[in-house]
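Step one of this worksheet: look at the structure below.
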Amino acid sequence: MSKNKEENNAIADDDLFADKRDAREGICSYCHRFNTQTSWCQSCDPQRVNNPRLKSENEKLNNFINKIQYKITEYHRAIEWIPFDRLKNIEKIGEGYFNEIYSATWIDGYRQLQWDKYKTLRGSRKSNGLVALRCIKRNENKIDIIQEFKIHCRCQVNNNHLRVYGITLNPYTMDYMIVIKYAEFGNLRNYLSLNFYQLVWSEKLGFLRRIIEDLATIHAAGYMHLNLHSGNILQTNDGKGRIISAISDFRFAKKIDGRNNLKKERKEEKKEEREEINGEEKKEEKEKKQISGVIPYIAPEVIINQQFSSTVDIYSFGVIMAEMSTGFPPFYDCAHDLELARKICNGLRPEFGEGTPEYYIQFARKCMRHNPLDRPNSTTCKNMISRMWNISNGVEEFLLPEQLKIRYEFDKADDKIQRRLNNNNNNHHHCNNNNNNLSYHPHPQAIYSCRLLEFRK
1 MSKNKEENNA IADDDLFADK RDAREGICSY CHRFNTQTSW CQSCDPQRVN NPRLKSENEK
61 LNNFINKIQY KITEYHRAIE WIPFDRLKNI EKIGEGYFNE IYSATWIDGY RQLQWDKYKT
121 LRGSRKSNGL VALRCIKRNE NKIDIIQEFK IHCRCQVNNN HLRVYGITLN PYTMDYMIVI
181 KYAEFGNLRN YLSLNFYQLV WSEKLGFLRR IIEDLATIHA AGYMHLNLHS GNILQTNDGK
241 GRIISAISDF RFAKKIDGRN NLKKERKEEK KEEREEINGE EKKEEKEKKQ ISGVIPYIAP
301 EVIINQQFSS TVDIYSFGVI MAEMSTGFPP FYDCAHDLEL ARKICNGLRP EFGEGTPEYY
361 IQFARKCMRH NPLDRPNSTT CKNMISRMWN ISNGVEEFLL PEQLKIRYEF DKADDKIQRR
421 LNNNNNNHHH CNNNNNNLSY HPHPQAIYSC RLLEFRK
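Counting from 1, one number per residue, gives the positions in the sequence shown under UniProt numbering.
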């Protein structure tokens, strides 16, 4: 008995997470030490989540889920293998060229943090919670959807806003499906169309702040998104009653700088990443004469010579900034064809809404510069958008004259939007019977879903 006690004491003394334990987070029911986060013990819970009875028949996928669990530091961010029979009421709610989206009820429910009757924050499950399922169409092998799942998980470790709960396998179609948070407010494009006139600039800057935070997280994880547009930005509830924006769809994400930018990880992780890069290179070789995306959001260098870098995402973010100022999708009134692509390569950029602050316009144009080296990086963008948001919300107690001018411009822009709502109901850009809605007539060949494009000579 004394020997066992000595061994237990040795284990306790060898606690790798001793400096992260906090009495306020409760006690782990397994090791009886203080948790490292609310309802989460970093040394015990990853093993408990990795239930050997709940695993796929894909050993590599199981290994990935097991490894990523040890990088998760919060209860509600744990990633699981979800048996398909624990999902019910599955209905298709969306479809694109490459993917299908379904809604479903997860019987066991997703993890969440909630206040109990004693006003203590605790981890719990939202039983019969509504979730979304995403699967890839036209998939010759199942590697693509698993790769997308892995990228999303790696970004979640760094706290991106769109939660991924896990992955499942449809036994009837043998398709893997990523299980993610259900976006009850749809995508940003539709949200702007339905709510533009009730949105003030502080709210729009709040959406942009979340988008650029996600993008900075993706870049920090070593990836570039390469398919950023308002249809891939989902509007969801943050759990505190606020609507936030979150980047989704990592289908075309690639590693920044390819094989030369591998992170220093354990040997087995390096091997796994090299296998993924080899898969990406084979895929690129197969589609070397094609690019994929939505033309108005594609950077000129991608159209001209398929030059990919993280600044491609910055260009797309600049286009979204323009869209946020008008409420209209970029270039909705013309065909999205080779001619538009040529004009973009020759300097054509989206217009901005009447009264949009010049400070905002200049920064968005900087993001959309032709030379990718002249664009800011995602960290600079995050700092700039946060600064604008702070100024527009009056977060800073004392504003300098320059900041007061910016605040005044945003307030004036809000007034102009309201005047346009009241006075311009009968012109080409008018609102419909719902006073918050925009109404516009897109060109029949204006296509805002991702598709294969062939611009190469």
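We put the CB at the ideal spot given by N, CA and C, even for glycine.
Checklist line | Proximity below 7 Å, CB of N237 to CB of C450 | finding: no
Item checked: For M324, the three-state DSSP class (helix, strand or coil) -> helix
Checklist line | Cα-Cα separation, L453 to A341 | finding: 10 Å
Item checked: Residues that D175 bridges to, as DSSP identifies them -> N170
Note to self: What residue range does the alpha helix (DSSP H) around S449 cover?
What the structure shows: Where S449 is concerned, there is no enclosing alpha helix (DSSP H), given that its DSSP letter is neither H nor E.
Note to self: Can you find the residues in the same chain that come closer than 8 Å, C-beta to C-beta, to C44, ignoring five residues on each side of it along the sequence?
What the structure shows: C28, Y30, C31
Checklist line | Endpoints, the beta strand (DSSP E) within which residue 458 is located | finding: Past the edges of the chain, shown from 1 to 457, lies residue 458, and the structure says nothing about it.
Check: Would DSSP call L199 helix, strand or coil?
Finding: coil
Next item on the list: Could you spell out where the beta strand (DSSP E) holding T380 opens and where it closes?
Entry: No beta strand (DSSP E) contains T380, which is instead part of the alpha helix (DSSP H) from 378 to 393.
Note to self: Could you give the first and the last residue of the continuous beta strand (DSSP E) run that contains L113?
What the structure shows: 110 to 115
Item checked: Burial state of K254 (16 or more Cβ within 10 Å) -> buried
Checklist line | Beta-bridge pairing of N99 - partner residues as DSSP gives them | finding: I136
Note to self: Rounded to whole angstroms, what is the Cα-Cα separation between I291 and P444?
What the structure shows: 22 Å
Check: Considering only the beta carbon of each residue, do I82 and I68 sit closer than 7 Å?
Finding: no
Margin query: Under 8 Å, with one C-beta from each stretch per pair, do the segment 378 to 391 and the segment 331 to 347 reach the 3-pair mark?
Written below: no
Check: Which word fits L215, buried or exposed, when buried means at least 16 other C-beta atoms lie within 10 angstroms of its C-beta?
Finding: buried
Notebook entry, point to check: Which one or two residues does DSSP pair with V131 in a beta bridge?
Noted result: A104, K181
Check: In terms of residue numbering, what span does the alpha helix (DSSP H) encompassing Q69 cover?
Finding: 59 to 69
Check: Considering only residues of the same chain and omitting the five flanking positions on each side of L121, which have a CB-CB separation below 6 Å?
Finding: T38, L113, W115
Next item on the list: Starting from the C-beta of K267, find all residues in its chain whose C-beta is less than 6 Å away, skip the five residues before and the five after it, and write them out in chain order.
Entry: With a pLDDT of 49 at K267, under the threshold of 50, the modelled position of this residue cannot be trusted; read the value that follows with caution. Answer for K267: no residue qualifies.
Next item on the list: Whole angstroms is fine: what's the gap from A364's alpha carbon to Y197's?
Entry: 21 Å
Check: Do N66 and N50 have their C-beta atoms closer together than 7 Å?
Finding: yes
Next item on the list: Using three-state DSSP, classify K254 as helix, strand or coil.
Entry: strand
Item checked: Helix, strand or coil at I27 according to DSSP, with G and I counted as helix -> strand
Check: Between T168 and M321, what straight-line distance do the alpha-carbon atoms span, to the nearest angstrom?
Finding: 35 Å
Check: Within 10 angstroms of its Cβ, does P350 collect 16 or more other Cβ (buried), or is it exposed?
Finding: buried
Notebook entry, point to check: Just how far apart, CA to CA, sit A183 and K150?
Noted result: 21 Å
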